[in-house]
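*Asks:* Take this structure, written in structure tokens, and hold onto it; I'll ask about it next.
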Amino acid sequence: MRLNPEEVAAIKEAAAETFGETAVVRLFGSRVDDALRGGDIDLHIEVDAVADEWRDRGKFEDRLFRRIDPQKVDVVLTIRGGTPRGFERIAYRDGIVL
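Each position in the sequence shown, counted from 1, maps to that position plus 80 in my numbering.
What follows is the structure, given as structure tokens:
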């Protein structure tokens, strides 16, 4: 996994503050593979519910980038209990829970 401990902690803290303590964050995509270089941070966040998905995504990124340097982060948000679609299936299959 190509995230340092400070980045992992920042992601988990920002997710808990934004989506609650029950949020589950998975890293997936190229950053999971230690043999690769570069790439954005692909995150899958599983939550119980959100009032406004786009507002909450913005809050998450604001909180995250107060802790780490701004960079390209893609967030796939999933409401717990739903049927996984597209990237959600990939995140569940290949992702690493942070």
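Heads up, the beta-carbon is just placed ideally off N, CA and C, and yes, glycines get one too.
Predicted model only: the values in this text are computed from it and were never measured.
If you compare alpha carbons, which of M81, E93, R82, I121 is closest to R146?
*Replies:* Answer by Cα proximity: E93.
*Asks:* Specify whether the stretch 166-177 and the stretch 133-149 touch according to this definition: at least 3 beta carbon pairs, one from each stretch, less than 8 Å apart.
*Replies:* no
*Asks:* Quick one, which of Q151, E86, T98, A115 has its alpha-carbon nearest K139's?
*Replies:* T98
*Asks:* Given that a residue counts as buried once 16 or more other Cβ atoms are within 10 Å of its Cβ, and exposed if not, what is D149?
*Replies:* Around the beta carbon of D149, fewer than 16 other beta carbons lie within 10 angstroms, which makes this residue exposed.
*Asks:* State the Cα-Cα distance for the pair T102 and D120, rounded to the nearest angstrom.
*Replies:* 25 Å
*Asks:* By the three-class DSSP mapping on this structure, what secondary structure does L157 have?
*Replies:* Residue state, collapsed to three classes: strand.
*Asks:* Please report how far the alpha carbon of T163 lies from the alpha carbon of A115, in whole angstroms.
*Replies:* Looking at the two C-alpha atoms, the distance is approximately 32 Å.
*Asks:* Using the three-state DSSP reduction, which class does R106 fall into: helix, strand or coil?
*Replies:* strand
*Asks:* Mark D122 as exposed unless 16 or more other C-beta atoms lie within 10 angstroms of its C-beta, in which case mark it buried.
*Replies:* buried
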